[in-house]
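A short worksheet on the structure shown next.
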Amino acid sequence: MKVATWNVNSLTARWERVVAWIEDNGPDVLCLQETKQDDSKFPFAGFEALGYEAVHNGEGRWNGVAIASRVGIDDVRRGFGTIEDDDGARIIGATCNGIEVMSCYVPNGRALDDPFYARKLSWLDRLASHVGAVPPQRALIVVGDFNVAPEDLDVWDPAALEGSTHVTGPERDRLRAIGGLGLVDIVRDRRPGEQVFTWWDYRNGAFHRGWGMRIDLVWCSPLVAAGVTDALVDREARKGTKPSDHAPVVVTFELPGAP
DNA sequence: ATGTCCCAACTTTTGGGA
């Protein structure tokens, strides 16, 4: 099974690129962030034409998350449910082929002295509560744009980012708490010591200069992680005409319990 | 480093956000 996550920075603006990427890569499940659409504009029919059933948690101009699956999609959960959830449309969950999937768009945080930074930390705390315990039999994948680089290896120049969001101790503590639930940051797990970026600013020629960060993450429960055969970032998708500023992250694994 | 892209709107240019 192949699961991908991609912050598309507007699904309206990116639709042709998304279609081409799906046709080229054939993910079984594709999680999207920053669709920037309300549900009435989301291309349900477009996904259906490609053989996917899609679900969306959208709000309009900002945020918006989706899951598209060609292996079934059940038990859809929009938002945090009973947990405080007033920071926009940032999470949707569903079960695809027996695997629990959560597509997340963590708040950016803007700046360390901005109230949105505190909301970002709070949102990550609430995500950990929402995910809950990860016992050995649980098949779970939590993916998305976390807007946090887990460690200094995951940014092009730690010194240039001092005093900025995405790299602070409190943010990284929250990622460690996700790991503390038992989830595995699967790209780092599969590529120890390798610098792999998923996002490059549109400005300053950042992509061509290699000024990027690894902020789009795939967290697998141990049951899923045990079956992973590949984990990569498709940086080709950051090239060309009208790219998103993020590249897709793609993880392939054998289904839990498969012979 | 702040050079881009995307969205909405009292829309044909500007401001907010990332």
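Numbering (my numbering), first residue to last: -5 to 253. A virtual CB, placed ideally from N, CA and C, is assigned to each residue, including glycine. Here the structure is a predicted model, which is why all the values come from computation and not from measurement.
Backbone secondary structure at residue i - three-state DSSP
i	result
A219	helix
R132	coil
V125	helix
N115	Here residue 115 turns out to be Leu, not Asn, going by the sequence shown. Helix.
E248	coil
V181	helix
G176	coil
L211	strand
G163	helix
A225	strand
Distance, residue j Cα to residue i Cα
i	j	result
T89	D69	6 angstroms
L115	G251	36 angstroms
V212	V190	13 angstroms
K30	V59	8 angstroms
Y111	S97	21 angstroms
P152	S34	41 angstroms
W150	S238	19 angstroms
L217	S63	20 angstroms
I85	K233	27 angstroms
L177	F38	31 angstroms
R229	N19	13 angstroms
P109	N3	23 angstroms
Within 7 angstroms, strictly: CB atoms of residue i and residue j
i	j	result
D22	K(-4)	yes
E281	V142	Past the boundaries of the shown model lies residue 281; the chain is included only from -5 to 253, so the question cannot be answered.
N51	E28	no
I67	C25	no
W193	H160	no
D79	W117	no
V227	V243	yes
A231	W15	yes
D210	D146	no
R11	I77	no
Proximal residues to residue i (C-beta, below 7 angstroms), its chain only, five neighbours per side dropped
i	result
G173	D179
Spatial neighbours of residue i in its chain, beta-carbon cut-off 6 angstroms, leaving aside the 5 residues before and after
i	result
G87	R71, M96
E94	L134
Other residues of its chain near residue i: CB distance less than 8 angstroms, five sequence neighbours each side excluded
i	result
L257	Not covered by the structure: residue 257. The range shown for the chain is -5 to 253.
A271	Since the first and last residues shown for the chain are -5 and 253, residue 271 lies out of range.
* **Complete alpha helix (DSSP H) runs within the region -3 to 81 (minimum length 4 residues, chain order)** => 5 to 19, 38 to 43
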